[in-house]
Structure formats: structure tokens, C-alpha cells
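Just below is one structure, and these are the notes that go with it.
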Amino acid sequence: MNKSLFTYSIISFLIIFFFGFNFLFSLLGNILILLFLTPILLIGLAFLKINSFKSKFKVCTNCGSTMMGDSKSCLYCGSNFSEFENNKTYSENASSETIEIEAEEIN
Ligand SMILES: [Zn+2]
Numbered sequence: 120m121n122k123s124l125f126t127y128s129i130i131s132f133l134i135i136f137f138f139g140f141n142f143l144f145s146l147l148g149n150i151l152i153l154l155f156l157t158p159i160l161l162i163g164l165a166f167l168k169i170n171s172f173k174s175k176f177k178v179c180t181n182c183g184s185t186m187m188g189d190s191k192s193c194l195y196c197g198s199n200f201s202e203f204e205n206n207k208t209y210s211e212n213a214s215s216e217t218i219e220i221e222a223e224e225i226n
């Protein structure tokens with residue numbers, strides 16, 4: 120008979136004898152949960168890393184090429200990014216932006 124198998128059976132028998140079946144099942148359940156959860160956790164972390172990596176990319180609005188890092192101008196066509204960002208900002212004075220509508224009578 121295999122000696123290691125014998126010792127393992129004795130150890131498992133002692134565990135069952137001292138802690139009972141419930142302990143063994145809960146232990147196996149915990150191990151299974153850990154085995155299932157760790158890959159899910161790793162996938163989630165990888166997804167977050169990819170997202171943070173993607174946010175570092177910049178797409179040129181002029182030529183459409185992608186760049187890494189916080190470069191202020193396009194490496195390929197040389198267009199300035201800050202100019203495009205400035206165009207996106209809205210005026211702080213809301214009253215100047217409102218459009219006056221005059222009421223007209225409809226015959
Ligand atoms: Zn460009």
C-alpha cells in the first residue's frame with residue numbers, strides 16, 4: 120500500500136474525527152469560493168488597468184492618430200491639443216448666451 124496515501128487518509132480521518140464533516144465541507148466550500156473568486160478579481164483588476172491605460176491615449180482631432188502621454192501637440196501633424204480643448208469651454212456668463220424670443224400673434 121502507498122505510504123503517503125495512508126498518512127493522508129489518517130490525517131483526513133483525524134480532521135473529520137475532531138472537527139466533524141461540517142468543518143470539512145465548509146473548508147472545501149471556502150477553497151472553491153477562493154478558486155472561483157480570484158480569477159474574477161484578477162479579470163476585474165486587468166479591466167481597470169486597461170481602462171486607465173486607455174485614458175492615457177489621446178486621439179488627434181485633426182489627423183486621427185493616437186498618442187501616449189500628456190503631449191500638447193500632435194506628433195504627426197503638429198496640431199495643438201490645447202486649442203481644441205479651449206474651443207470646448209463654454210462662456211461663464213449664462214445671460215449673454217440666452218436667446219430672446221419675441222411672442223408673435225398667429226392669425
Ligand atoms: Zn494629428
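Using the numbering used here, read the sequence shown as starting at 120 and increasing by one per residue.
In this text, a Cβ means the ideal position worked out from N, Cα and C, and glycines have one as well.
I'd like to confirm something about residue i: is its beta-carbon nearer than 6 Å to some heavy atom of ligand 1, or not?
{"i": "Asn181", "result": "yes"}
{"i": "Ser198", "result": "yes"}
{"i": "Ser184", "result": "yes"}
Under a Cβ-count criterion, where at least 16 other Cβ atoms within 10 Å of its own Cβ denotes burial, should residue i be classed as buried or exposed?
{"i": "Phe203", "result": "Only weak support exists for where Phe203 lies, its pLDDT of 49 falling under 50; the value from the coordinates is given anyway. Exposed, because fewer than 16 other Cβ atoms sit within 10 Å of the Cβ of Phe203."}
{"i": "Cys179", "result": "buried"}
I believe residue i touches residue j by the beta-carbon criterion, under 8 Å. Please report the beta-carbon distance rounded to the nearest angstrom.
{"i": "Ser192", "j": "Asn199", "result": "5 Å"}
{"i": "Leu143", "j": "Ile134", "result": "6 Å"}
{"i": "Phe176", "j": "Thr185", "result": "5 Å"}
Name the two residues that bound the continuous alpha helix (DSSP H) containing residue i.
{"i": "Phe137", "result": "122 to 174"}
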